[in-house]
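Quick note on the working numbering: the sequence shown kicks off at 82 and runs consecutively. We put the CB at the ideal spot given by N, CA and C, even for glycine. I have placed the structure first, in the form of structure tokens, so that the comments after it can refer back to it.
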Amino acid sequence: MPHFSSSRFLHGAMTTVRIGHLSTGYHTALCAIALKAPEHAGLDPVWRLFGTGPPIIKALEEGELDIGYVGLPPSVIGIARGAAIKCVAGGHMDGTVLIARAGYQDSAEAGSIGAALEQFVGKKIGSPSKGSIHDVILRAFLARHGLEKKAHVENFPWTDLVGQAMEDGIIDAAVGTPSLQASLELVSGI
């Protein structure tokens with residue numbers, strides 16, 4: 082998120098605000114859009130849709146956006162690269178889940194998280210783009226259990242494509258939010 086100490090915001094000279102947000106139907110930005118939160122604050126929002134967080138950070142760095150609804154990992158990576166951005170609020174509350182078809186064991190059935198992950202040696206696990214919260218968590222768990230070179234992480238430019246790839250059988254498992262899991266169960270029977 083950018084600094085709001087910019088004179089464009091403080092002195093009322095800016096009424097138009099360029100906001101980047103994610104495509105997923107459960108994202109916080111969609112509440113702001115539906116409730117017209119920026120308009121109620123006296124702003125004229127220009128909303129721009131992105132598939133994942135890293136491109137939002139790039140757009141912030143290039144001055145194309147004033148605000149980005151984005152997860153922490155892309156923000157932290159951007160800040161580490163020297164981006165003049167600042168995180169001002171959080172909205173992610175659901176967490177990350179690993180979703181697989183019937184026939185795979187969960188960590189309780191397998192006996193441990195490592196044993197559950199070992200089922201995906203030589204398999205593809207779908208994730209939103211590299212650097213997204215779900216990608217970072219998945220790669221950290223694979224590395225912790227020595228599987229980072231044994232399971233293939235397939236990154237998708239749009240989070241929505243992860244669910245479609247799971248439904249189409251292109252990937253063997255997926256990481257995402259519990260909402261993705263619920264939609265795959267309800268719509269696709271996965």
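Exposed unless 16 or more other CB atoms sit within 10 angstroms - verdict on residue i
i: Gly134; result: buried
i: Gly249; result: Checking the displayed sequence, the identity of residue 249 turns out to be Asp instead of Gly. Exposed, by the Cβ-count rule.
i: Gly192; result: exposed
i: Gly176; result: exposed
i: Val98; result: buried
i: Asp125; result: exposed
i: Gly144; result: exposed
i: Ala189; result: exposed
i: Pro119; result: buried
i: Thr96; result: exposed
i: Ala232; result: buried
Straight-line Cα distance separating residue j from residue i
i: Cys168; j: Gly227; result: 32 Å
i: Ile251; j: Gly159; result: 31 Å
i: His102; j: Trp128; result: 7 Å
i: Gly132; j: Pro209; result: 8 Å
i: Lys117; j: Ala161; result: 33 Å
i: Ile137; j: His108; result: 14 Å
i: Ala115; j: His121; result: 12 Å
i: Ile229; j: Ala221; result: Looking at the sequence shown, residue 229 is not Ile but Glu. Looking at the two C-alpha atoms, the distance is approximately 8 Å.
i: Gln186; j: Asp241; result: 25 Å
i: Tyr150; j: Leu111; result: 10 Å
i: Gly195; j: Leu146; result: 40 Å
i: Asn236; j: Gly184; result: 23 Å
i: Ala224; j: Ile100; result: 35 Å
i: Glu266; j: Pro238; result: 23 Å
i: Ala170; j: Ala113; result: 13 Å
i: Ser269; j: Gly123; result: 42 Å
i: Glu148; j: Gln245; result: At residue 148 the sequence reads Ile, which differs from the Glu that was named. If I take the Cα positions, the gap works out to 29 Å.
Candidates the options, of which the one nearest residue i by Cα
i: Ile166; options: Lys139, Gly192, Asp187, Ala183; result: Lys139
i: Val178; options: Leu146, Leu124, Gly184, Ala263; result: Ala263
i: Val243; options: Ile180, Arg220, Glu199; result: Ile180
i: Gly201; options: Val256, His121, Leu265; result: Here residue 201 turns out to be Phe, not Gly, going by the sequence shown. The option with the nearest alpha carbon to Phe201 is Val256.
i: Leu130; options: Glu120, Thr105, Asp187; result: Thr105
i: Arg182; options: Pro119, Ile148, Met247; result: Met247
i: Leu219; options: Thr258, Gln245, Pro238; result: Thr258
Pair within 8 Å by beta-carbon distance, residue i and residue j
i: Ile271; j: Val234; result: no
i: Lys204; j: Ala254; result: yes
i: Leu141; j: Ala164; result: yes
Checklist line | Contact the segment 202 to 217 vs the segment 149 to 160: 3+ CB pairs below 8 Å | finding: yes
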